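**Q**
Number of protein chains: 2
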Amino acid sequence: MSDEHGPQGRATMQHVATLAGVSLKTVSRVVNGEPGVSDELAARVRDAVQRLGYRHNLAASNLRRGRRTASIGVLVQDLGNDYCAELLRAVEARARTRGVVVISASLDEEPEREHELVTGLVERRIDGLILMPATDDQGYLMPEVHAGLAVVVVDRAPRGIALDAVVSDNRAGAANAVRHLSSFGHRRIGFLGDDPVIPTASERLVGYREALADLGLPEDAGLVRTAVRSEAEVGAAVREMLALPDPPTALFTARNVLTVGAVRALRDLTVRHAVALVGFDDFPTADLLDPGVTCVKQAVLTEGELAIDLLLSRMDGHQGPVRSEVVPTTLVPRGSGEIRPG
Amino acid sequence: MSDEHGPQGRATMQHVATLAGVSLKTVSRVVNGEPGVSDELAARVRDAVQRLGYRHNLAASNLRRGRRTASIGVLVQDLGNDYCAELLRAVEARARTRGVVVISASLDEEPEREHELVTGLVERRIDGLILMPATDDQGYLMPEVHAGLAVVVVDRAPRGIALDAVVSDNRAGAANAVRHLSSFGHRRIGFLGDDPVIPTASERLVGYREALADLGLPEDAGLVRTAVRSEAEVGAAVREMLALPDPPTALFTARNVLTVGAVRALRDLTVRHAVALVGFDDFPTADLLDPGVTCVKQAVLTEGELAIDLLLSRMDGHQGPVRSEVVPTTLVPRGSGEIRPG
DNA sequence: TTGTAAGCGTTATCAC
DNA sequence: GTGATAACGCTTACAA
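From first to last, the protein sequence lines are chains A and P. If you read the first sequence in our numbering, its first letter stands for residue 1, the second for the next number, and so on. If you read the second sequence in our numbering, its first letter stands for residue 1, the second for the next number, and so on.
1) Could you tell me whether the Cβ of A:Asp290 comes closer than 7 angstroms to any Cβ of chain P?
2) For the region 45–74 of chain A, enumerate the residues whose C-beta is nearer than 8 angstroms to any C-beta of chain P, in chain order.
3) Less than 8 angstroms between C-beta atoms, sequence neighbours within five positions excluded: which residues of the same chain meet that for P:Leu205?
4) Taking the alpha carbon of P:Ala318 as the point to measure from, which residue in P:Ala211, P:Asp164, P:Leu117 has its own alpha carbon closest?
5) Which whole-angstrom value describes the C-beta separation of P:Gly261 and P:Val234, a residue pair presumed to lie in contact below a C-beta threshold of 8 angstroms?
6) Helix, strand or coil for A:Ser61? Go by DSSP, reduced to three states.
7) Nearest to P:Val322 by CA position, among P:Val153, P:Thr119, P:Ala70, P:Gln50, is which residue?
8) Output needed for P:Leu88: all residues of its chain with C-beta closer than 8 angstroms, excluding positions within five of it in sequence on either side, in chain order.
9) Keeping to the same chain, check which residues put their C-beta closer than 6 angstroms to that of P:Ile126; ignore five residues upstream and five downstream.
10) With a threshold of 7 angstroms between beta-carbons, can P:Thr26 be considered close to chain A, or not?
11) Quick check: A:Val178 and A:Tyr208, are their CB atoms within less than 7 angstroms of each other?
12) Using a Cβ-Cβ cut-off of 7 angstroms (strictly less than) and excluding sequence neighbours within five positions of P:Thr354, which residues of its own chain qualify?
13) For A:Glu86, which residues from the same chain have a beta carbon less than 8 angstroms from its beta carbon, with the 5 sequence-adjacent residues on both sides left out?
14) Kindly say whether P:Pro143, judged by its beta-carbon, lies nearer than 7 angstroms to any beta-carbon of chain A.
15) Which residue's Cα is closest to the Cα of A:Arg239: A:Ala213, A:Val257, A:Arg272?
16) Where does A:Gly128 land, buried or exposed, given buried means 16+ other C-beta within 10 angstroms?
17) Which whole-angstrom value describes the C-beta separation of A:Glu123 and P:Leu107, a residue pair presumed to lie in contact below a C-beta threshold of 8 angstroms?
18) Whole angstroms is fine: what's the gap from A:Val327's alpha carbon to A:Tyr54's?
19) Between which two residues does the beta strand (DSSP E) containing A:Gly279 stretch?
20) Output needed in chain order: residues of the region 249–267 of chain P with a Cβ under 8 angstroms from some Cβ in chain A.
21) Which residues bound the alpha helix (DSSP H) around P:Leu107?
22) Going by Cα to Cα distance, which pick from A:Leu266, A:Phe280, A:Asp246 is closest to A:Phe252?
23) Under 7 angstroms between beta-carbons, which chain A residues line up against P:Arg159? List them in chain order, please.
24) On the premise that A:Val296 lies in contact with A:Thr270, defined as a C-beta separation below 8 angstroms, what is that separation, rounded to the nearest angstrom?
25) I'd like to know if P:Glu40 contacts chain A, where contact means its C-beta is closer than 7 angstroms to some C-beta of that chain.
26) Is there a Cβ of chain A sitting closer than 7 angstroms to that of P:Thr285, yes or no?
27) Taking only beta-carbon positions, decide if P:Asp3 is within less than 7 angstroms of chain A.
28) Within the continuous beta strand (DSSP E) that includes P:Gly73, where are the two ends?
29) In terms of residues, what are the limits of the alpha helix (DSSP H) holding P:Leu306?
30) So which residues on chain A does P:Val102 lean against when the C-beta distance must stay under 8 angstroms?
31) Could you spell out where the beta strand (DSSP E) holding P:Ala227 opens and where it closes?
32) With a cut-off of 8 angstroms on the beta carbons, I'd call P:Val49 and P:Val22 a contact; round off their distance for me.
33) Which stretch, first to last residue, makes up the alpha helix (DSSP H) that contains P:Ala95?
34) Using a Cβ-Cβ distance cut-off of 7 angstroms, determine whether A:Ala90 contacts chain P.
35) Please check if any C-beta of chain P sits within less than 7 angstroms of the C-beta of A:Val122.
36) Beta-carbon of P:Glu86 versus every beta-carbon of chain A: anything under 7 angstroms?
What follows is the structure, given as structure tokens:
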């Protein structure tokens, strides 16, 4: 509460020891709650700690102990995205119970950032890493894993290296969306997705195609738009697709941002009750829109919990072979996906 | 890429030096890009670094250098909330340009967690802290600030200590919402807000009351509901309020989660086009709902940038008096706030 | 250009 | 019980 020391710099154990009139080691014992210190000295030490505003220096402590830093990194594409934010929350909750702090950052699909951030985190000696990769090869992590870094990849399957992973069943989820639309009579279903270099985007496209093939529906190249990145771009894509001579009667959007953009476009075109829509990845107000937006919901909470559990087990020394969890999705019908062709 | 060392433990500079056949100091020079090392030795060192998978240990480096850790903490209420997530993104973007990593966590309005997390971060010797307080007194930060920790408080004014702060103009924003509704003929405007121990909640309530007084409208205790915490609770509150003998013709919800809950309730009651609604704090699909939801929008990006700029300036040694930024809000009319009384 | 010594704040070892 | 001393991995002086 007081200020025995200057406005700059922290008191060290030595300062505390001097003020308390004891040795450095005694302070260390008190601070670490080790037994074998008389009540009187312990009290003197605690008093000095208070007066100096002493705070234990974990960096120095870990350096000497050779212990872990009790910190993990979580690298996702965009902390502003609901999927990523929820994932982080799930990880954080579980990490806190272990006294582990979470260093998080967004990659924005930039491989460069992934490299930079991983380097920064490794130099800070994080104990574990949960990664939603922006690179198309995570082989560069090999030395880190070898040196004892625990790594779990989420949302996208790891490439170029065998790592524990947690992913949604993207193919099955996408295929299910198409089958759902087909069951309501649609035969011309448009696909709007991200750049297929992003594994989830390509998996969802594969699922779309598989379902079309299964259903005996022809694939029309004009109804497939990939590399649609933003809400603005998806609006233009929807407009173009619906202006085709033989337009689709239903749309499947492969990411939540694209779904919202498509809803906006359909509303502007006043066809929101005429063109069916199913989106991959849920979003908070999907049920409040008119019509409600039918979504393929990912079990984000489950994925986050699986990821942190896998990570913690590795951090605890688990040495077994790589584990891969594929988490099923659920289709939530809300109206937009149950519109019949006009 | 190779594994000269075991699956546990990291190579140190000494290992590199031995393998390269040079002194420890030479390795240090190469790793830190200091001049004055012959090309040949530098190459030998780099080769050894590669082979051993050596990574610079920032903790040890900082310990000796007495330098900063190039890390900051960001403690918000809920990383899943759009306001918090956007704030974090803004902070993160700016921090990255300075090589500063961000350790983030959610407090969920629990003072205990704030204390725990701050302690953990201080023990890790973060250079700065951006805090959305869950405590009603941040005086406990005094010794940390004194010891050189840079702190900026966001969203809620600091209490019990003078700190740099960035807050929305909650009173003016709330008052503006009420005036807006009044200008459309409403005289009975319901208030739904959080627990008034939360400063933003009480400020918004004050703004509501001030506007009523200014407009010469009577305040009806039955139209004011505080301590509404969740989406579920707000639904019940809306139902009760609208069941009153003399129900409100308009609602003002003081937080985005409550706004969404109110929209859901109004829809379920099939009065969404009959009862006006203005919400404090914008949310992503507010324009897509039917009617669009009129919101008092906070300049989150601006707030985040101001916060990190204030923090960085303190971290750079700025010693001036405490600065307090009050960021204006904007009312965005979208339909729900322009409904006239029935 | 390269290497040696000491020390950053802490803890482990082993004496007193 | 308590305290000297060395050491963790690194960088700053200062020599060579």
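The beta carbon of each residue, even a glycine, is placed where N, CA and C say it ideally should be. Just so we're clear, the structure is a prediction, and the values are computed from it rather than from any experiment.
**A** By the coordinates alone:
1) yes
2) Gly53, Arg55, His56, Asn57, Leu58, Ala59, Ala60, Asn62, Leu63, Thr69, Ser71
3) Ala174, Phe191, Gly193, Pro196, Val224, Thr226, Ala254
4) The displayed chain sequence assigns His, not Ala, to residue 318 of chain P. Nearest C-alpha to P:His318: P:Asp164.
5) 4 angstroms
6) helix
7) P:Val153
8) Val74, Val76, Leu79, Val102, Ser104, Gly304
9) Ser71, Ile72, Gly73
10) no
11) yes
12) The structure shown does not extend to residue 354 of chain P, since chain P is modelled only from 1 through 342, so no value can be given for it.
13) Val300, Leu301, Gly304
14) yes
15) A:Arg272
16) buried
17) Contact flag wrong, Cβ pair sits at about 28 angstroms.
18) 47 angstroms
19) 276–280
20) Val260, Val263, Arg264, Arg267
21) It is not in any alpha helix (DSSP H) - P:Leu107 carries neither H nor E in the DSSP assignment.
22) A:Phe280
23) Residues of chain A passing the Cβ test: none, with the nearest at roughly 17 angstroms.
24) Actually they do not touch by this definition, with Cβ atoms about 26 angstroms apart.
25) no
26) yes
27) Model confidence at P:Asp3 stands at a pLDDT of 36, short of 50, so the residue's coordinates are unreliable; what they give is reported in the following sentence. It does; some Cβ of chain A falls within 7 angstroms.
28) 71–76
29) 300–315
30) Ile103, Ser104, Ala105
31) Per DSSP, P:Ala227 belongs to no beta strand (DSSP E) and is neither H nor E.
32) Going by Cβ atoms, the distance from P:Val49 to P:Val22 rounds to 12 angstroms, so no, they are not a contact pair.
33) 82–96
34) no
35) yes
36) yes
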